[in-house]
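Number of protein chains: 2
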Amino acid sequence: MTHSRQPTAAGVALAARKVAELLPLTPLLPLEVDGRTIWCKAESLQPVGAFKIRGAWHRLTDLTEAERARGVVGVSSGNHAQGVAWAARRLGIAATIVMPLDAPEVKLANTRALGAEVVLYDRPGGEDRDAVAQRLCAQRGATLVHAYGDPWIIEGQGSVGIEIAAQMRAQAGVAPDLIVVPCGGGGLTGGIALACPDARIVPVEPEGWDDVRRSLATGHIERVAADAPPTACDALQTPATWPINFAILQARCPFGLAVTPAEVRAAQRLAFAKLRLVLEPGGAAALAAVLAGKVETTDRTALVLSGGNTDAAAFARVLSTAD
Amino acid sequence: MTHSRQPTAAGVALAARKVAELLPLTPLLPLEVDGRTIWCKAESLQPVGAFKIRGAWHRLTDLTEAERARGVVGVSSGNHAQGVAWAARRLGIAATIVMPLDAPEVKLANTRALGAEVVLYDRPGGEDRDAVAQRLCAQRGATLVHAYGDPWIIEGQGSVGIEIAAQMRAQAGVAPDLIVVPCGGGGLTGGIALACPDARIVPVEPEGWDDVRRSLATGHIERVAADAPPTACDALQTPATWPINFAILQARCPFGLAVTPAEVRAAQRLAFAKLRLVLEPGGAAALAAVLAGKVETTDRTALVLSGGNTDAAAFARVLSTAD
Numbered sequence: 034m035t036h037s038r039q040p041t042a043a044g045v046a047l048a049a050r051k052v053a054e055l056l057p058l059t060p061l062l063p064l065e066v067d068g069r070t071i072w073c074k075a076e077s078l079q080p081v082g083a084f085k086i087r088g089a090w091h092r093l094t095d096l097t098e099a100e101r102a103r104g105v106v107g108v109s110s111g112n113h114a115q116g117v118a119w120a121a122r123r124l125g126i127a128a129t130i131v132m133p134l135d136a137p138e139v140k141l142a143n144t145r146a147l148g149a150e151v152v153l154y155d156r157p158g159g160e161d162r163d164a165v166a167q168r169l170c171a172q173r174g175a176t177l178v179h180a181y182g183d184p185w186i187i188e189g190q191g192s193v194g195i196e197i198a199a200q201m202r203a204q205a206g207v208a209p210d211l212i213v214v215p216c217g218g219g220g221l222t223g224g225i226a227l228a229c230p231d232a233r234i235v236p237v238e239p240e241g242w243d244d245v246r247r248s249l250a251t252g253h254i255e256r257v258a259a260d261a262p263p264t265a266c267d268a269l270q271t272p273a274t275w276p277i278n279f280a281i282l283q284a285r286c287p288f289g290l291a292v293t294p295a296e297v298r299a300a301q302r303l304a305f306a307k308l309r310l311v312l313e314p315g316g317a318a319a320l321a322a323v324l325a326g327k328v329e330t331t332d333r334t335a336l337v338l339s340g341g342n343t344d345a346a347a348f349a350r351v352l353s354t355a356d
Numbered sequence: 034m035t036h037s038r039q040p041t042a043a044g045v046a047l048a049a050r051k052v053a054e055l056l057p058l059t060p061l062l063p064l065e066v067d068g069r070t071i072w073c074k075a076e077s078l079q080p081v082g083a084f085k086i087r088g089a090w091h092r093l094t095d096l097t098e099a100e101r102a103r104g105v106v107g108v109s110s111g112n113h114a115q116g117v118a119w120a121a122r123r124l125g126i127a128a129t130i131v132m133p134l135d136a137p138e139v140k141l142a143n144t145r146a147l148g149a150e151v152v153l154y155d156r157p158g159g160e161d162r163d164a165v166a167q168r169l170c171a172q173r174g175a176t177l178v179h180a181y182g183d184p185w186i187i188e189g190q191g192s193v194g195i196e197i198a199a200q201m202r203a204q205a206g207v208a209p210d211l212i213v214v215p216c217g218g219g220g221l222t223g224g225i226a227l228a229c230p231d232a233r234i235v236p237v238e239p240e241g242w243d244d245v246r247r248s249l250a251t252g253h254i255e256r257v258a259a260d261a262p263p264t265a266c267d268a269l270q271t272p273a274t275w276p277i278n279f280a281i282l283q284a285r286c287p288f289g290l291a292v293t294p295a296e297v298r299a300a301q302r303l304a305f306a307k308l309r310l311v312l313e314p315g316g317a318a319a320l321a322a323v324l325a326g327k328v329e330t331t332d333r334t335a336l337v338l339s340g341g342n343t344d345a346a347a348f349a350r351v352l353s354t355a356d
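Read top to bottom, the protein sequences are chains A and B. At the far end of the first sequence sits residue 356, using the numbering used here, and the numbering has no gaps. At the far end of the second sequence sits residue 356, using the numbering used here, and the numbering has no gaps.
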């Protein structure tokens, strides 16, 4: 798929202004890790429990009247779904979301509660979710709002970086020089890279779903293997990044990291005990990499806690696990 | 115990300025309850997991050099303990905290990790915790920093109210006309009453520990019964309010409310699912009262989520309970 334009730093700045008018500022919380303060951007506290509301708002507010009338279609395991549904409801736009059958119950329920129509597809069955979405768009004349391969989405998610930089200046008197980011398809990571041109950006993925890490290593877009292991990080379960994302990542991310399921659970438990935040597995990936010592932190390190939509039973199991 | 001065609105405003220089602003999160937006002040996101850091900071920063050198003594089930320990460490003051033997493990561990000396007392054994603290103060020449019966503590906690009012104006364009507050001894409730003279203030206590509710009803200070039932709301487990608090509460709170253990658990689960916040039982008391329909909300209602220090096993049990 091609786009009429590339995402820009100016677009990120515009998105940040739109978001600031709409949503309470999520806090940048200090966390001591090995005697050093790491600044944690709590995007799990957004109204839909994830940063995805940013890109969706930036995209949907830029549709024409005619486009609004024909509705939007999104594809998502749940957080982008809720972001699009939230923005669509607010703007009076019909939203259809293509979601995997095995999405967390809380994400399915929340997306429906926001008034969106949910169309399920079978992830393990190998159905291509983008193909399902494009068919729906063709049928309805609706606009596809891709979860990451879209210039508006990248710019919208980048507003997180604008806020991190402003809050770190206000709270610590410095600018971030390292930002660690949970990475699925590269929408958030790419947007933050545009927002913070002077910081190193490190994407973090779950083990086996580390296609961005491998893509950065080989220099071209790699796909997740067909036999990739199951992961609790459903929010980061994307088959491959898109060229519009990879162009930014390749220019700005020297390397990517992968974290294990046990490292993710440890991060969820630490966020529970020290930050009193509920994080979903994917939302804890960047924190997991920092806690596991997989990235050398600096005195100006920030990370994103990207989402908190997890089922109660799953979270209770993580709290009760000792690994 | 008498004090040299009464808490004032000007003192609250001063405390709010001191706190704004020190701590990241905690968010005021919108929550839909029965189709109405309720504004929730997430004090569980303070560095010590509770609002108590505010009063402790206001008090300790106002000690003379000679007083600082002799140290401070606090009495607390854990949140005030961590607030005093955090402020004392930051200012280089020795802190001793009198804590009950049955305080949550996480609160004992966090207080010690902040460098405070912990002196345990036996709550069911009937030992008077204030007497233990006053003996320690006499021995050491230290300053007693009471958890609620202290003008600085009341003013410091009142800074929550200053922030709620400012954030509601910025986010919703209105001033709060009703603020629902978890209440132990009345430090937070009294402070918010001073901060927000135009709002109705409703204190909420756990069933059986609703001495403030009864005191407001009878017009004089009532004590918790000796055979009060156990409560998970350790943060609100105070035997009686003090005159310095009651004078404000009586003037500003028409009534108080009590919530049941099941109502508190329901509030913890809702905060988990809809706000992605970890709340301790006492921290969820005001939300419990609103969800249970015990207070008639308005279009300008705020409530305080006062703390999030709970053991993982206890929280996992709450998530797994169906009541």
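Note that the Cβ used here is the ideal one computed from N, Cα and C, for glycine as well. Predicted model, so just to flag it, every value in this text is computed and none were measured.
Cβ neighbour criterion (16 or more within 10 Å) applied to residue i
i                 : result
Gly-218 (chain B) : buried
Leu-141 (chain A) : buried
Phe-288 (chain A) : exposed
Arg-202 (chain B) : exposed
Ser-109 (chain B) : buried
Glu-138 (chain A) : exposed
Pro-262 (chain B) : exposed
Separation of residue j from residue i, as counted between CA atoms
i                 : j                 : result
Gly-88 (chain B)  : Gly-116 (chain B) : 8 Å
Val-257 (chain A) : Ala-128 (chain B) : 54 Å
Gly-340 (chain B) : Ile-197 (chain B) : 16 Å
Ile-281 (chain A) : Arg-302 (chain A) : 32 Å
Leu-134 (chain B) : Ala-304 (chain B) : 29 Å
Ile-254 (chain B) : Ile-277 (chain B) : 11 Å
Gly-148 (chain B) : Ala-118 (chain B) : 7 Å
Trp-275 (chain A) : Leu-96 (chain A)  : 22 Å
Arg-156 (chain B) : Glu-54 (chain B)  : 37 Å
Met-34 (chain A)  : Leu-64 (chain A)  : Here Met-34 (chain A) scores only 49 on pLDDT, less than 50, and its place in the model should not be relied on; the value that follows carries that caveat. Straight-line Cα distance between these residues: approximately 41 Å.
Leu-310 (chain B) : Phe-84 (chain B)  : 15 Å
Ala-102 (chain A) : Ile-71 (chain A)  : 45 Å
Ser-353 (chain B) : Val-207 (chain A) : 43 Å
Leu-78 (chain B)  : Gly-111 (chain B) : 16 Å
Asn-342 (chain A) : Phe-348 (chain A) : 10 Å
His-179 (chain B) : Arg-92 (chain B)  : 10 Å
Trp-185 (chain B) : Gly-44 (chain B)  : 8 Å
Continuous alpha helix (DSSP H) stretch holding residue i: start and end
i                 : result
Gly-116 (chain B) : 112–124
Gly-191 (chain B) : 184–205
Thr-271 (chain A) : Counting along the chain, Thr-271 (chain A) falls outside any alpha helix (DSSP H), and DSSP gives it neither H nor E.
Gly-44 (chain A)  : 42–55
Val-106 (chain A) : First-last for Val-106 (chain A): 105–108, but that is the beta strand (DSSP E), not the alpha helix (DSSP H).
Ile-86 (chain A)  : 85–93
Phe-279 (chain A) : 276–285
Span of the beta strand (DSSP E) around residue i
i                 : result
Lys-74 (chain A)  : 69–75
Ile-212 (chain A) : 211–215
Pro-239 (chain A) : 233–239
Glu-128 (chain A) : Residue identity differs from the one stated: residue 128 (chain A) is Ala in this sequence, not Glu. Ala-128 (chain A) -> beta strand (DSSP E) spans 128–133.
Glu-65 (chain A)  : 61–66
Ala-335 (chain B) : 334–338
Val-178 (chain B) : 176–178
Leu-290 (chain A) : 290–292
Glu-150 (chain A) : 150–154
8 Å Cβ cut-off: residues of chain B touching residue i
i                 : result
Ser-353 (chain A) : Ala-345, Ala-346, Ala-349
Pro-57 (chain A)  : Pro-60, Leu-61, Leu-62, Pro-63, Gln-200, Gln-204
Val-257 (chain A) : Those within 8 Å of Val-257 (chain A) in chain B number zero; the least Cβ separation is about 27 Å.
Cβ-Cβ separation, residue j to residue i (assumed contact under 8 Å), whole Å
i                 : j                 : result
Val-237 (chain B) : Val-193 (chain B) : With 8 Å as the limit, Val-237 (chain B) and Val-193 (chain B) do not qualify as a contact, their Cβ atoms being about 15 Å apart.
Leu-56 (chain B)  : Ile-86 (chain B)  : 7 Å
Ala-232 (chain B) : Leu-211 (chain B) : 6 Å
Pro-239 (chain B) : Thr-264 (chain B) : 4 Å
Leu-269 (chain A) : Cys-216 (chain A) : 7 Å
Chain-ordered neighbours of residue i on chain B, where CB pairs are closer than 7 Å
i                 : result
Val-311 (chain A) : Phe-305, Arg-309, Leu-310, Val-311
Contacts of residue i in chain A (Cβ-Cβ under 7 Å)
i                 : result
Val-165 (chain B) : Within chain A, no residue comes near Val-165 (chain B); the closest Cβ sits about 28 Å away, beyond 7 Å.
Pro-80 (chain B)  : Pro-63
Ser-77 (chain B)  : Arg-309
Gly-341 (chain B) : Arg-309
Val-193 (chain B) : The contacting residues do not exist; Val-193 (chain B) stays about 15 Å from chain A at best.
8 Å Cβ cut-off: residues of chain A touching residue i
i                 : result
Arg-302 (chain B) : Ala-345
Val-139 (chain B) : Ala-306
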